[in-house]
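Please read the structure below before turning to the comments.
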Amino acid sequence: MKPYLYLASLLICCLAHGRLQAQALYDVPQKTKTRWSSFENPGAQSGMGGRENKGGKGHAFDEIAAKGSKVLLDYKGAGVVQRIWLTVNERSPAMLRSMRLEMYWDGAKTPAVSAPLGDFFGVGLGRRVPFESELFSDPEGRSFNCVIPMPFNTAARIVILNDADIPVTLFYDVDLTTVDKHEKPVFFFHAYWNRELKTTLGRDFVVLPAVSGKGRFLGMNVGVIADSVYETSWWGEGEVKIFLDGDSDFPTLTGTGTEDYIGTAWGQGQYAHRYQGCPLADAKNRQWSFYRYHVPDPIYFQTQCKVTLQQIGGEMTDFVRRLKKNGAVLQPVSVAGSTFHKLLEMNPVPDLMDPTFPQGWTNYYREDDVSATAYFYLDKPANTLPAIAALPARTKNLLATKK
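Written out as structure tokens, the structure is:
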């Protein structure tokens with residue numbers, strides 16, 4: 001084919017693709033129905049919405065009792081949860097960690113999703129700030145929106161639980177589309193939350209323990225409360241590691257640093273983009289919450305997936321020496337000076353306090369309070385991951401107010 005004919009055909013294909021994408025907005029799939037579940041129509045049934053108070057806004061909200069729960073969706077059949085919106089009247093960090101969201105697919109006995117309410121919806125540490133990403137949003141810091149598609153074959157059940165000692169008022173709706181049967185096998189949405197009040201020196205924080213099966217790692221949001229013993233030193237030198245399909249000691253995928261993983265560099269301020277961001281950068285309270293969603297850069301696994309985050313910080317050598325003298329628990333691992341020194345490969349490993357220790361930006365293992373919500377799809381409706389931590393472990397050391 002002549003070059004100009006090839007370019008012309010390519011342009012036609014691109015234009016056709018654009019038209020097909022636009023047509024999707026006004027295409028009506030066969031045998032697909034739209035349903036909403038809310039307090040006005042908890043069963044998401046045809047013709048059953050808005051019947052209370054003779055149609056005059058009769059049941060827009062309800063109360064979740066202390067130690068109580070509410071079922072947000074209990075649907076029998078096949079379909080896809082397309083959107084979840086909710087808000088609560090009490091949004092302190094402790095309350096947003098005290099409430100938890102659970103999702104069950106196809107009648108599974110254990111939840112595919114089990115996470116604190118606030119952390120699940122895109123911002124860690126039980127805090128809310130206005131932001132928008134591809135998967136989550138909070139327009140004014142008062143609401144919770146999720147647009148991750150969540151397919152199911154025979155049943156979908158979503159529950160919100162209140163482990164606190166006080167009741168909370170809830171507004172919500174769950175939007176779904178239903179079908180008679182999916183045309184091909186579906187992958188089920190899962191989410192796992194983990195926290196370490198103090199990470200272990202030299203050991204990676206586990207974002208997602210090893211899960212077995214076929215699926216896709218969708219991404220994570222992470223919360224860090226930096227230990228004050230390290231003063232103002234940078235906490236985010238740690239690399240994300242993703243172990244795939246038989247990896248053991250070493251991963252297939254490795255990043256270059258925490259802020260690099262979420263698309264920024266040389267530090268980490270506040271921003272929110274479609275697939276990466278840091279909605280919370282609170283240096284005064286030593287708190288950061290950040291996310292990365294692998295939508296344009298999918299991460300697939302065929303048999304297994306595990307995700308970790310190194311616990312490494314950095315500062316100039318003399319600063320790190322002072323931290324060590326003041327009792328901070330740390331271990332230098334590398335120094336970027338006139339050359340890059342791989343300290344752990346040196347024999348013997350240099351002592352930080354030795355006058356001959358290399359000068360420069362010193363990366364070091366450290367211990368902080370780290371939590372994370374991992375999102376992934378799996379070829380089965382349940383997983384074998386550990387149960388969510390008890391209430392004290394979820395709420396300890398949080399800010400007293402939502403600010």
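For what it's worth, UniProt numbering labels the leading residue of the sequence shown as 1, then goes sequentially. The beta carbon of each residue, even a glycine, is placed where N, CA and C say it ideally should be.
Does the Cβ of residue i have 16 or more other Cβ atoms within 10 Å, making it buried, or fewer, making it exposed?
| i | result |
| --- | --- |
| F266 | Here the sequence assigns Trp to residue 266, which means Phe is not the residue at that position. With fewer than 16 other Cβ atoms within 10 Å, it is exposed. |
| K241 | buried |
| Y300 | exposed |
| P381 | buried |
| Q21 | Per-residue confidence for Q21 stands at a pLDDT of 45, beneath the threshold of 50, marking its modelled position as unreliable; the derived number appears in the next sentence. So Q21 ends up on the exposed side. |
| A8 | Model confidence at A8 stands at a pLDDT of 41, short of 50, so the residue's coordinates are unreliable; what they give is reported in the following sentence. With fewer than 16 other Cβ atoms within 10 Å, it is exposed. |
| A387 | exposed |
| G327 | exposed |
| S228 | exposed |
| Q311 | buried |
| N383 | buried |
| V222 | buried |
| S289 | buried |
| residue 437 | Lying before the first or after the last residue shown, residue 437 is absent from the chain, which here runs from 1 to 403. |
Are the CB atoms of residue j and residue i within a distance shorter than 8 Å?
| i | j | result |
| --- | --- | --- |
| residue 438 | T317 | A query on residue 438 cannot be resolved here, the shown segment of the chain reaching from 1 to 403 and no further. |
| T87 | F144 | yes |
| P149 | V80 | yes |
| I158 | I64 | no |
| L344 | S98 | no |
| H182 | A24 | no |
| F243 | G215 | no |
| Y375 | L253 | no |
In terms of residue numbering, what span does the alpha helix (DSSP H) encompassing residue i cover?
| i | result |
| --- | --- |
| S98 | 93-98 |
| T178 | Where T178 is concerned, there is no enclosing alpha helix (DSSP H), although the beta strand (DSSP E) it sits in stretches over 168-179. |
| D227 | Where D227 is concerned, there is no enclosing alpha helix (DSSP H), given that its DSSP letter is neither H nor E. |
Out of the options, which has the shortest C-alpha to C-alpha gap to residue i?
| i | options | result |
| --- | --- | --- |
| K67 | D163, V222, G215, P185 | D163 |
| L398 | L96, F243, R83, T254 | L96 |
| V224 | S137, G313, H341 | G313 |
| V295 | A24, G43, L135, P111 | L135 |
| Y230 | E196, V320, W193 | V320 |
| E259 | Y291, K109, Y192, E90 | Y291 |
| Y192 | L101, G236, G126 | L101 |
| K198 | V329, E52, T339, A374 | V329 |
| V156 | K76, P298, G255 | One detail in the question is off: residue 156 reads as Ala in this sequence, not Val. Of the listed residues, the one whose Cα sits closest to A156 is K76. |
| E40 | F171, S289, P251 | F171 |
| D74 | G213, T264, A226, D173 | D173 |
| A94 | K306, G118, D351, N363 | G118 |
If you follow the beta strand (DSSP E) that residue i is part of, which residue opens it and which one closes it?
| i | result |
| --- | --- |
| P279 | 276-282 |
Touch test, the stretch 29-44 against the stretch 177-187, Cβ-Cβ under 8 Å, three pairs minimum: yes
The stretch 196-205 touching the stretch 359-374, judged by at least three CB pairs closer than 8 Å: yes
Given 8 Å, three or more beta-carbon pairs between the stretch 116-135 and the stretch 271-282: yes
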